[in-house]
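Worksheet: the structure to be examined is printed underneath.
In the numbering used here, the protein residues as written are 9 to 166.
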């Protein structure tokens, strides 16, 4: 099977997700190619579709990516000092909010055949919190895993 992979979104996360899905499918013996660059340099939607099918692929996995981030104040950290000179005191303090970061990625995926019919539709979601887990690389890896799980649970791939 030859399949084109397309993530309809700009930015590093979308690029990493497309690349990750291509690599995961190739690792399972499915010939996959990313086609985001074709979309960037196509004159129209029709031109893009013509270029993608012109690659000789049998199917196109198109994914729409929603990516949201948030921050919540979970507490405050205070620092201070007191300097005493004789009978005079100088007091300084600073309070800094401590924020918890969160991020959610949702992917709506559709698999099209050469006739343009949808042969499969699925959804993949991932949520994370904490600075170490909300970066583009970490979230992209989690999203790729979610897409592959959705394809496997639907028995689209083995």
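From the three backbone atoms N, C-alpha and C, an ideal C-beta is built for every residue, glycine too.
These numbers were taken from a predicted model, which means no experiment stands behind them.
On the three-state DSSP scale, how would you describe residue 62? coil
Looking at residue 4: is its Cβ nearer than 9 Å to the Cβ of residue 71? Outside the shown range of the chain (9 to 166) lies residue 4, about which nothing can therefore be said.
For residue 111, write down the residues that DSSP places opposite it in a beta bridge. According to DSSP, which records beta bridges pairwise, residue 111 is partnered with 77, 136.
Give me the residue from 16, 119, 74 with the minimum Cα distance to residue 135. 74
For a test of the three-state rule: what should DSSP assign to residue 91, helix, strand or coil? strand
Quick check on residue 122: does DSSP put it in helix, strand or coil? coil
Within 9 Å, strictly: CB atoms of residue 13 and residue 69: yes
When you compare the CB positions of residue 133 and residue 117, do they come within less than 9 Å of one another, or not? no
Just curious, the alpha helix (DSSP H) that residue 25 is in, first and last residue? 20 to 35
Identity of the residues DSSP links to residue 69 by a beta bridge: DSSP, once it has assigned bridges, lists 13, 119 as partnering residue 69.
Proximal residues to residue 89 (C-beta, below 7 Å), its chain only, five neighbours per side dropped: 100
Roughly how many angstroms lie between the CA atoms of residue 82 and residue 102, to the nearest whole one? 17 Å
Helix, strand or coil for residue 48? Go by DSSP, reduced to three states. helix
Would you tell me roughly how many angstroms separate the C-alpha atoms of residue 55 and residue 22, rounded to the nearest one? Taking the Cα positions, residue 55 is about 21 Å away from residue 22.
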